[in-house]
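Undergrad: Can you keep this structure in mind? I'll have questions shortly.
There are 2 protein chains.
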Amino acid sequence: MTFFEKLLEITRKKDSLLCIGLDTDIEKIPEKLLKEDDPVFSFNKLIIDETCDLVCAYKINTAFYEVNGEKGWISLKKTSDYISKDVIKIADVKRGDIGNTAKKYASAFLSKLEFDAVTVNPYLGYDSIIPFIEYRDKGVFILCLTSNAGAQDFQKLKVDGKYLYQVVAEKVLNLNKYRNCGLVVGATFPEELRNIREMAPDIPFLIPGIGAQGGDLEKTVKFGTDSNGEMAIINSSRGIIYKSSGEDFARAARNAAEELRREINLLRR
Amino acid sequence: MTFFEKLLEITRKKDSLLCIGLDTDIEKIPEKLLKEDDPVFSFNKLIIDETCDLVCAYKINTAFYEVNGEKGWISLKKTSDYISKDVIKIADVKRGDIGNTAKKYASAFLSKLEFDAVTVNPYLGYDSIIPFIEYRDKGVFILCLTSNAGAQDFQKLKVDGKYLYQVVAEKVLNLNKYRNCGLVVGATFPEELRNIREMAPDIPFLIPGIGAQGGDLEKTVKFGTDSNGEMAIINSSRGIIYKSSGEDFARAARNAAEELRREINLLRR
Numbered sequence: 000m001t002f003f004e005k006l007l008e009i010t011r012k013k014d015s016l017l018c019i020g021l022d023t024d025i026e027k028i029p030e031k032l033l034k035e036d037d038p039v040f041s042f043n044k045l046i047i048d049e050t051c052d053l054v055c056a057y058k059i060n061t062a063f064y065e066v067n068g069e070k071g072w073i074s075l076k077k078t079s080d081y082i083s084k085d086v087i088k089i090a091d092v093k094r095g096d097i098g099n100t101a102k103k104y105a106s107a108f109l110s111k112l113e114f115d116a117v118t119v120n121p122y123l124g125y126d127s128i129i130p131f132i133e134y135r136d137k138g139v140f141i142l143c144l145t146s147n148a149g150a151q152d153f154q155k156l157k158v159d160g161k162y163l164y165q166v167v168a169e170k171v172l173n174l175n176k177y178r179n180c181g182l183v184v185g186a187t188f189p190e191e192l193r194n195i196r197e198m199a200p201d202i203p204f205l206i207p208g209i210g211a212q213g214g215d216l217e218k219t220v221k222f223g224t225d226s227n228g229e230m231a232i233i234n235s236s237r238g239i240i241y242k243s244s245g246e247d248f249a250r251a252a253r254n255a256a257e258e259l260r261r262e263i264n265l266l267r268r
Numbered sequence: 000m001t002f003f004e005k006l007l008e009i010t011r012k013k014d015s016l017l018c019i020g021l022d023t024d025i026e027k028i029p030e031k032l033l034k035e036d037d038p039v040f041s042f043n044k045l046i047i048d049e050t051c052d053l054v055c056a057y058k059i060n061t062a063f064y065e066v067n068g069e070k071g072w073i074s075l076k077k078t079s080d081y082i083s084k085d086v087i088k089i090a091d092v093k094r095g096d097i098g099n100t101a102k103k104y105a106s107a108f109l110s111k112l113e114f115d116a117v118t119v120n121p122y123l124g125y126d127s128i129i130p131f132i133e134y135r136d137k138g139v140f141i142l143c144l145t146s147n148a149g150a151q152d153f154q155k156l157k158v159d160g161k162y163l164y165q166v167v168a169e170k171v172l173n174l175n176k177y178r179n180c181g182l183v184v185g186a187t188f189p190e191e192l193r194n195i196r197e198m199a200p201d202i203p204f205l206i207p208g209i210g211a212q213g214g215d216l217e218k219t220v221k222f223g224t225d226s227n228g229e230m231a232i233i234n235s236s237r238g239i240i241y242k243s244s245g246e247d248f249a250r251a252a253r254n255a256a257e258e259l260r261r262e263i264n265l266l267r268r
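Residue numbers (numbering that gives the first Met the number 0), protein chains in the order written: chain A, 0 to 268; chain B, 0 to 268.
And the structure:
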């Protein structure tokens, strides 16, 4: 089974395109949890327990774990181990390095930590991406057009009549021989999202930028999914996991996730 | 003291532009060390003990540590702690993420692990770079033109008559208000190295790609340094730390480092 097939199977079974970003910041979690042995994992566990039936994926951004040193790495591993096999586990690492180094990163996240997918930065070109793609049953989401203001600086520059992000999308389509490559496209640029979807009609998009970053949900679903309303993973992090800062945070996260999944599904149909 | 001043002081005091990359691969270190409690740190410690008088910097690529999980993180921290204050400690992490996430990476490497400098991927633009620059006394080396074959894919595309790597260099010059920004420029493209040095005559270059990757040393020194033969950090990793695979590895690394430093210094004058 290719990664594309796996993703379709999961999104259909769960009837969800929703991904929750476990960008768990130790400075933002409820005080009560700080007494626990591993507060970040305890927080994640409660969020996962309350939301795992609602999502197709969890996305873990390593920055929030690396800032806690080796303890963070333990929280990361425990969280990855805890997530059940019926969702896609995405390591949002945005790594990009020369070949022999990229192999080590690919091994770290796709083999050792057993993530199902990873995000990769394309700036170093094909030989920095291929070591990830060689894990044929794993997903590789390459940054195309990111959701932040700085995306203007380089990604939106014109190269021979095309935008750089379009050149990146074309390169990724060429590298996609195992049907395991996707693109990261921010929800904050809906016209560009539409344009990239036209260029790449049948590969999965990982779409951050709704919620705290201000992306429009209707356009995200309309332009970001394929012609069947599938092949998109729509991420929300802060808008779900910090919905409440009180002891009811996990239940509040469930309610926010349930509402967002419902809105997305209404827009898909 | 700005980072630029600190770098100049150290390179002058040590009379060296040499940086050793501690890309320590547990699969490549002498078997005898595998019995130690922390083989990677033990290897690094012996290399550092033998070479610290010869170098201006050590560069640690996180991929080789993350592949070992939380143990790798412990080796990374112990290595950072062990390196003396009279050299520049560079975290070669090539991170790039949106602002609130980049802040966490900056804290992880520049504050928690106390590195003196970090490498950053520019693809996400200014707001992904600024959180690192805000550590005013730390160095931020932004990837400009990397040493690998894939550098052709995007970095060498023409944007309005300029190469993308030139646009990146210009942006970095504009961000350099605290005199703490440098560029990563590979030794494998000497003509481009010359061109980038002309554009950016007085900021430091971190130059990988000599040795195993095949960069020409004479052109690297001639084109990569500033008009005083300074402001360049020339890295060698595999060519030094794996010079011998036997028990004499640390002494062999010292000999290789001594020879390379001597060659570089002859070419500077």
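Backbone N, C-alpha and C define an ideal beta-carbon position, used for all residues, glycine too. Note that the structure is predicted; figures quoted are calculated from it, not measured.
Do you know how far the Cα of B:D52 is from the Cα of B:A224?
TA: Taking the second sequence and counting its residues from 1, one reaches residue 224 of chain B at position 225. Taking the second sequence and counting its residues from 1, one reaches residue 52 of chain B at position 53. Looking at the sequence shown, residue 224 of chain B is not Ala but Thr. Whole-angstrom Cα-Cα distance: 21 Å.
Undergrad: Between the C-alpha atoms of B:D84 and B:I19, what's the straight-line distance to the nearest angstrom?
TA: In the second sequence, counting from the first residue as 1, residue 84 of chain B sits at position 85. In the second sequence, counting from the first residue as 1, residue 19 of chain B sits at position 20. Correcting the residue identity first, residue 84 of chain B is Lys in this sequence and not Asp. So the alpha carbons of these two residues sit roughly 15 Å apart.
Undergrad: Quick check: is the beta carbon of A:A199 nearer than 8 Å to any beta carbon in chain B?
TA: Numbered from its first residue, the first sequence carries residue 199 of chain A at position 200. No, no contact with chain B.
Undergrad: For B:N43 versus B:L21, is the C-beta spacing smaller than 8 Å?
TA: Here residue 43 of chain B corresponds to residue number 44 of the second sequence, with the count starting at 1. Here residue 21 of chain B corresponds to residue number 22 of the second sequence, with the count starting at 1. A contact, by the Cβ cut-off of 8 Å.
Undergrad: I need the straight-line Cα distance from B:G214 to B:S74, nearest angstrom please.
TA: The sequence position of residue 214 of chain B within the second sequence is 215, counting from 1. The sequence position of residue 74 of chain B within the second sequence is 75, counting from 1. The alpha-carbon atoms of B:G214 and B:S74 are separated by roughly 30 Å.
Undergrad: Determine the contact status of B:L216 and B:I202, defining contact as a CB-CB distance below 8 Å.
TA: As a working mapping, residue 216 of chain B is identified with position 217 in the second sequence. As a working mapping, residue 202 of chain B is identified with position 203 in the second sequence. Contact: no.
Undergrad: Name the two residues that bound the continuous beta strand (DSSP E) containing A:D91.
TA: Residue 91 of chain A sits at position 92 when you count from the first residue of the first sequence. I87 to R94 is the span of the beta strand (DSSP E), which, as asked, contains A:D91.
Undergrad: B:S243 and B:G210: beta carbons closer than 8 Å?
TA: For the purposes of this step, residue 243 of chain B is identified with residue 244 of the second sequence, where counting begins at 1. For the purposes of this step, residue 210 of chain B is identified with residue 211 of the second sequence, where counting begins at 1. Taking 8 Å as the Cβ cut-off, B:S243 and B:G210 do not qualify as a contacting pair.
Undergrad: Would a C-beta distance cut-off of 8 Å place A:G228 and A:R267 closer than the cut-off?
TA: To locate residue 228 of chain A, count along the first sequence from 1; it is residue 229. To locate residue 267 of chain A, count along the first sequence from 1; it is residue 268. Contact flag set, yes.
Undergrad: For A:G223, which three-state DSSP category applies?
TA: By one-based count along the first sequence, residue 223 of chain A stands at place 224. Residue state, collapsed to three classes: helix.
Undergrad: Comparing C-alpha positions only, which one of A:D115, A:K102 and A:A168 sits nearest to A:N194?
TA: For the purposes of this step, residue 194 of chain A is taken as the residue at position 195 of the first sequence. Per the Cα distances, A:A168.
Undergrad: Against chain B, which members of the segment 149 to 166 of chain A pass a CB distance test of less than 8 Å?
TA: The segment 149 to 166 of chain A vs chain B, Cβ under 8 Å: G149, A150, Q151, D152, F153, Q154, L156, K157, V158, D159, L163 and V166.
Undergrad: Taking the continuous beta strand (DSSP E) assigned at A:G181, which residues delimit it?
TA: Indexing the first sequence from 1 puts residue 181 of chain A at position 182. Note, A:G181: beta strand (DSSP E), C180 to V184.
Undergrad: Apart from the five residues on each side of it in sequence, which residues of its chain come closer than 7 Å, Cβ to Cβ, to B:K31?
TA: Against the second sequence, residue 31 of chain B aligns to sequence position 32. Around B:K31: E246.
Undergrad: Could you spell out the range, first to last residue, of the beta strand (DSSP E) harbouring A:Y57?
TA: Working through the first sequence from its first residue, we reach residue 57 of chain A at position 58. Per DSSP, A:Y57 belongs to the beta strand (DSSP E) from A56 to N60.
Undergrad: Under a Cβ-count criterion, where at least 16 other Cβ atoms within 10 Å of its own Cβ denotes burial, should B:G149 be classed as buried or exposed?
TA: Residue numbering aside, residue 149 of chain B sits at position 150 when the second sequence is read from its first letter. Burial call: buried.
Undergrad: Is the Cβ of A:Y134 closer than 8 Å to any Cβ of chain B?
TA: The count along the first sequence starts at 1 and reaches residue 134 of chain A at position 135. No, A:Y134 lies away from the interface with chain B (no Cβ there is under 8 Å from its Cβ).
Undergrad: Compute the distance between the beta-carbons of B:L16 and B:I240, then report whether it is under 8 Å.
TA: Indexing the second sequence from 1 puts residue 16 of chain B at position 17. Indexing the second sequence from 1 puts residue 240 of chain B at position 241. Cβ atoms of B:L16 and B:I240: not closer than 8 Å.
Undergrad: Quickly, what does DSSP pair B:F204 with across the bridge? List them, please.
TA: Looking up residue 204 of chain B in the second sequence gives position 205. Paired residue(s): B:L182 and B:A231.
Undergrad: Select from A:M198, A:Q212, A:P189 and A:I233 the residue whose C-alpha is nearest the C-alpha of A:L205.
TA: Looking up residue 205 of chain A in the first sequence gives position 206. Among A:M198, A:Q212, A:P189 and A:I233, the Cα nearest to that of A:L205 belongs to A:I233.
Undergrad: How many Å lie between A:P189 and A:K218 at the Cα?
TA: What you label residue 189 of chain A is simply residue 190 of the first sequence in a count that begins at 1. What you label residue 218 of chain A is simply residue 219 of the first sequence in a count that begins at 1. Cα to Cα, the separation comes out at about 6 Å.
Undergrad: Any residues in the segment 99 to 120 of chain A with a beta carbon nearer than 7 Å to a beta carbon of chain B? Which ones, in chain order?
TA: Of all residues in the segment 99 to 120 of chain A, T100, K103, Y104, S106, A107, K111 and N120 have a Cβ within less than 7 Å of some Cβ in chain B.
Undergrad: Check each candidate in A:E4, A:F3 and A:N60 and name the one with the smallest Cα separation from A:V92.
TA: In the first sequence, counting from the first residue as 1, residue 92 of chain A sits at position 93. Considering only alpha carbons, the answer is A:N60.
Undergrad: Would you kindly check if the distance between the Cβ of B:D136 and the Cβ of B:F40 is under 8 Å?
TA: What you label residue 40 of chain B is simply residue 41 of the second sequence in a count that begins at 1. What you label residue 136 of chain B is simply residue 137 of the second sequence in a count that begins at 1. No. Outside cutoff.
Undergrad: Measure the alpha-carbon distance for A:K102 versus A:L156 and round it to whole angstroms.
TA: Here the question's residue 102 of chain A lines up with position 103 in the first sequence. Here the question's residue 156 of chain A lines up with position 157 in the first sequence. Approximately 30 Å, taken between the alpha carbons.
Undergrad: Using 10 angstroms around the beta-carbon of B:G160, count the other beta-carbons present and answer buried if the total reaches 16, otherwise exposed.
TA: For the purposes of this step, residue 160 of chain B is taken as residue 161 along the second sequence, with counting starting at 1. By the neighbour-count rule (16 or more Cβ atoms within 10 Å), B:G160 is not buried but exposed.
Undergrad: Helix, strand or coil for A:V158? Go by DSSP, reduced to three states.
TA: For the purposes of this step, residue 158 of chain A is taken as residue 159 along the first sequence, with counting starting at 1. Strand.
Undergrad: Taking Cβ positions, are A:N147 and B:G95 nearer each other than 8 Å?
TA: Position 148 of the first sequence, counted from the start, is the residue given in the question as residue 147 of chain A. Position 96 of the second sequence, counted from the start, is the residue given in the question as residue 95 of chain B. Cβ distance not < 8 Å, so A:N147 and B:G95 don't count as in contact.
Undergrad: Find the nearest neighbour of A:Y104 within the set B:E26, B:K176 and B:N67, judged by alpha-carbon distance.
TA: Locating residue 104 of chain A in the first sequence gives position 105, where the first residue counts as 1. Looking at the Cα atoms, B:N67 is the closest of the given residues.
Undergrad: Let me know if B:E191 comes out buried or exposed under the rule of 16 or more other beta-carbons within 10 Å of its beta-carbon.
TA: Here residue 191 of chain B refers to the residue found at position 192 of the second sequence. Burial call: buried.
Undergrad: Within a Cβ cutoff of 7 Å, which residues of the same chain sit near B:K221, ignoring the five residues on either side of it in sequence?
TA: Looking up residue 221 of chain B in the second sequence gives position 222. Hits under 7 Å: L266.
Undergrad: With 16 other CB atoms within 10 Å as the buried threshold, where does A:P130 fall?
TA: The residue you call residue 130 of chain A lines up with position 131 of the first sequence. It counts as buried.
Undergrad: Around the Cβ of B:P207, are there at least 16 other Cβ atoms within 10 angstroms (buried) or fewer (exposed)?
TA: The sequence position of residue 207 of chain B within the second sequence is 208, counting from 1. Answer is buried; the Cβ neighbour count reaches 16.
Undergrad: Please compile the residues from chain A whose C-beta is within a distance smaller than 7 Å of the C-beta of B:Y125.
TA: Indexing the second sequence from 1 puts residue 125 of chain B at position 126. Ordered by position in chain A, the residues that pass the 7 Å Cβ test against B:Y125 are G149 and D152.
Undergrad: Examine chain A for any beta-carbon lying closer than 8 Å to the beta-carbon of B:V139, and answer yes or no.
TA: On the second sequence, position 140 is the one that residue 139 of chain B refers to. No, because no Cβ of chain A sits closer than 8 Å to the Cβ of B:V139.
Undergrad: List, in order along the chain, the chain B residues whose C-beta lies closer than 8 Å to that of A:F63?
TA: Stepping through the first sequence from its first residue, residue 63 of chain A is reached at position 64. T100 and K103, listed in chain order.
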